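Okay, structure first, notes after.
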Amino acid sequence: MLTLILWWTGIFVESMILVRSVQLRTLPRFPFFFFYIASVLCSDVLLYVVRVTHPSVYLTWTARAEVLNIVLGYGIILEIFRHVLSRYPGIDRMSQILGLAIFAVVLAVTLLHPASPIGFPDPSTRKVVAERDFLAVQMVFFLAAIGITRYYDLEVSRNIRGMIVGYGIWLGVTVITLELRAYFGPMLDTAWHYLLPLFYLISLVQWLRSMWTYAPVRGTPFDRLVPSEYDLLAAKTSGITDEVRAHLGRMARP
Amino acid sequence: MMELFLFVIFAVVFLASIYLFVRPRARVEGSALDVLRAREDLSVLQSGLLPAEIVERIFAKADYEFLLAESTKEVQELFLAERKRLALLWAGYLLQRIRNLQQFHLGSARFYSRLRLGTEIRLASEFFSLLWFCRALQFVIYLRGPYAAPRMAGRVAAAAATVCATSEEVMNFLKPAQAGGLAKESARKLSVM
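For the protein sequence lines, the chains are E and S, in the order given.
Per my numbering, the first sequence starts with residue 8, numbered consecutively.
Per my numbering, the second sequence starts with residue 19, numbered consecutively.
Here's what the structure looks like:
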């Protein structure tokens, strides 16, 4: 019964998010995010129908929908990167290089340790491990996005902040839950079936709250420094750190 | 078991970073007003808080040596505790200054469209090591007291003066840059009109 309540509430909140996006005309502003919400809403409604009418194929379709939504989850990360970094072209370019570097590392790790789920005898556990790995990679990209945003203290709109918090909570909790499920096996299934929808609902409510009104960032940034000025700024800042370190180094020696 | 541990730790660190991300903090915009504020801050430092004589006085052994000869053990201990507190406050202030400087750099550099990853990584590591050094200094003072490093006072004064002088240079050079940026923005607006 609790699962059904969570399910229906989820469908209601997802519908509300989409309705608000139509009312506020924010659909074209956050296309990847709303596509993800629309996909999740369709999956939830269709899966409910399948569960009632064809219970035997329900699990197969659930697995397919989960894979689709995990892939579409990358769209949210893309949306966050796109909105936060588009105002700062220099950091945007740097982030692309960083993103490629992360991708290369992930690829290298995958090649060095191929198909880790194969070691698990239970097919449901294999699926859980594959999902966990996929989401862990998302977490790495997500961490890079919020790390850059925090380091440079980039301006983030209320909408994007809510998107980050909502998806972040869901991602973190899901990886922990999947890892515990993979380690302890099907004995955790009951808790898993309640916990994941509950935290997903919390994320949905967070998204609805942040997307209730459209809140763009204030002002338009502009390229304040010309190339020679950036070089000078970097050189001078570096010079300061060198000098202070040298002085402090001499101080520390008795 | 190791895999379980690694994934759970990673996810917990991830959730903690989301929490840190949400926590509000003071913004450094790199605007003309921020340059002005930073200059005021620097001026207060140079004229009132970090002149070489004051720093030398905080770390000078003369007062302690006088008390060693003339007063009771309780008074000496009280004096040492007070000096240690002062030295720690000073080290904390230096740490804060370096942090402000870093924020000021980031606040100015983020608007630049041709940032270089290598330069930014180098600067980040320099700031990191400097901040780490300051923390280590605080730790040494905390553990061994204000007179842990005998040659500290003179060096401290020199370091403080260097930081202030160079920061002043950076701010002087940034001032026209802000004006240039604003001029560019105005030009863009005019061209749109």
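C-beta atoms are modelled at their ideal positions from N, C-alpha and C, and glycine is treated no differently.
Note that the coordinates shown come from a computational prediction; the quantities given were computed from them, not determined experimentally.
Check: Assuming Asp-51 of chain E and Gly-17 of chain E make a contact with CB atoms under 8 Å, what is their CB distance in whole Å?; Outcome: 6 Å
Check: Check whether chain S comes within 9 Å of Met-146 of chain E, counting only Cβ atoms and requiring the distance to be less than that.; Outcome: yes
Check: If contact means a Cβ-Cβ distance below 8 Å, which residues of the region 78–111 of chain E contact chain S?; Outcome: Tyr-95, Pro-96, Gly-97, Ile-98, Arg-100, Met-101, Ile-104, Leu-105
Check: Can you pull the chain E residues whose beta carbon is under 8 Å from the beta carbon of Phe-97 of chain S, in chain order?; Outcome: By Cβ distance, chain E contributes nothing, its closest Cβ being about 21 Å from Phe-97 of chain S, past 8 Å.
Check: Taking Cβ positions only, does Thr-156 of chain E come closer than 9 Å to chain S?; Outcome: yes
Check: My assumption, with CB atoms under 8 Å, is that Arg-128 of chain S sits in contact with Tyr-159 of chain E. Please give the rounded CB distance.; Outcome: 4 Å
Check: Closest Cβ-Cβ distance between Gly-175 of chain E and chain S: below 9 Å?; Outcome: yes
Check: Spatial neighbours of Val-144 of chain E within its chain, please: C-beta separation below 6 Å, excluding the five flanking residues on both sides.; Outcome: Val-113
Check: Note down, in chain order, every chain E residue with its Cβ under 7 Å from the Cβ of Ala-80 of chain S.; Outcome: None at all; the shortest Cβ gap to chain E is about 18 Å.
Check: Between the C-alpha atoms of Pro-194 of chain S and Ile-155 of chain E, what's the straight-line distance to the nearest angstrom?; Outcome: Any reading at Pro-194 of chain S must be qualified, since the residue scores a pLDDT of 45, below 50, and its modelled position is unreliable; the value itself is stated next. Distance between the alpha carbons of Pro-194 of chain S and Ile-155 of chain E: 28 Å.
Check: Using only the alpha-carbon positions, how far apart do Ser-143 of chain S and Val-74 of chain E sit?; Outcome: 39 Å
Check: Does Ser-164 of chain E have its Cβ less than 9 Å from a Cβ in chain S?; Outcome: no
Check: Would you tell me roughly how many angstroms separate the C-alpha atoms of Val-29 of chain E and Pro-35 of chain E, rounded to the nearest one?; Outcome: 10 Å
Check: Please compile the residues from chain E whose C-beta is within a distance smaller than 8 Å of the C-beta of Ala-105 of chain S.; Outcome: Here the premise fails: no neighbours, minimum Cβ distance about 12 Å.
Check: Quick test of your reading: Leu-48 of chain E and Glu-21 of chain E, contact by CB under 8 Å. State the CB separation rounded to the nearest angstrom.; Outcome: 4 Å
Check: What residues of chain S sit near Val-182 of chain E, judged by a beta carbon separation below 9 Å?; Outcome: Phe-25, Val-26, Phe-28, Ala-29, Phe-32
Check: Quick one: list the residues of chain E neighbouring Ile-36 of chain S, beta-carbon separation under 8 Å, in chain order.; Outcome: Ile-153, Ile-171, Val-172, Gly-175, Ile-176, Gly-179
Check: Let me confirm a value: Met-218 of chain E is counted as buried when at least 16 other C-beta atoms fall within 10 Å, else exposed. Which label applies?; Outcome: buried
Check: Determine whether the beta carbon atoms of Val-78 of chain E and Arg-139 of chain E lie at a separation below 9 Å.; Outcome: no
Check: Just to confirm, is the Cβ distance from Ile-83 of chain E to Leu-92 of chain E under 9 Å?; Outcome: no
Check: The alpha helix (DSSP H) with Pro-62 of chain E in it runs from where to where?; Outcome: Premise fails: Pro-62 of chain E is in no alpha helix (DSSP H) and is neither H nor E.
Check: Flag this pair as touching only if the region 156–167 of chain S and the region 92–110 of chain S have three or more C-beta atom pairs under 8 Å; answer yes or no.; Outcome: yes
Check: Name the residue from S:Glu-21, S:Gln-120, S:Phe-97 whose alpha carbon lies nearest to the alpha carbon of Phe-77 of chain S.; Outcome: S:Phe-97
Check: Counting only beta-carbon separations shorter than 9 Å, does Glu-144 of chain S have a partner in chain E?; Outcome: yes
Check: Okay, do the region 206–213 of chain E and the region 159–176 of chain E touch, 3+ Cβ pairs below 8 Å being the bar?; Outcome: yes
Check: Compare the C-alpha of Val-26 of chain E against each of E:Ile-12, E:Thr-10, E:Leu-9, E:Ala-45 and name the closest.; Outcome: E:Ala-45
Check: Less than 9 Å between CB atoms is the rule here; does Trp-108 of chain S satisfy it with respect to chain A?; Outcome: Among the protein chains in the structure shown, which are E and S, there is no chain A.
Check: Ser-245 of chain E versus chain S: which residues are under 9 Å apart at the beta carbon?; Outcome: Thr-137, Arg-140, Leu-141, Glu-144
Check: Going along the chain, which residues of the region 183–210 of chain E sit with their C-beta nearer than 7 Å to a C-beta in chain S?; Outcome: Ile-183, Glu-186, Tyr-190
Check: Cα-Cα, which of S:Met-19, S:Gly-163, S:Val-26 is closest to Glu-95 of chain S?; Outcome: S:Gly-163
Check: Taking 7 Å as the limit between beta carbons, can you name the residues of its chain near Glu-203 of chain S, skipping five residues before and five after?; Outcome: Since pLDDT at Glu-203 of chain S reaches only 40, below the 50 mark, its modelled position is unreliable, and the value read off the structure follows with that caveat. None.
Check: Among S:Trp-108, S:Leu-124, S:Ser-147, whose alpha-carbon lies nearest the alpha-carbon of Glu-74 of chain S?; Outcome: S:Trp-108
Check: Taking 6 Å as the limit between beta carbons, can you name the residues of its chain near Glu-162 of chain E, skipping five residues before and five after?; Outcome: Val-224
Check: Using a threshold of 9 Å, state whether the C-beta atoms of Arg-140 of chain S and Ser-245 of chain E are closer than that.; Outcome: yes
Check: Using only CA atoms, which one of E:Lys-134, E:Ile-167, E:Pro-96 lies nearest to Phe-37 of chain E?; Outcome: E:Ile-167
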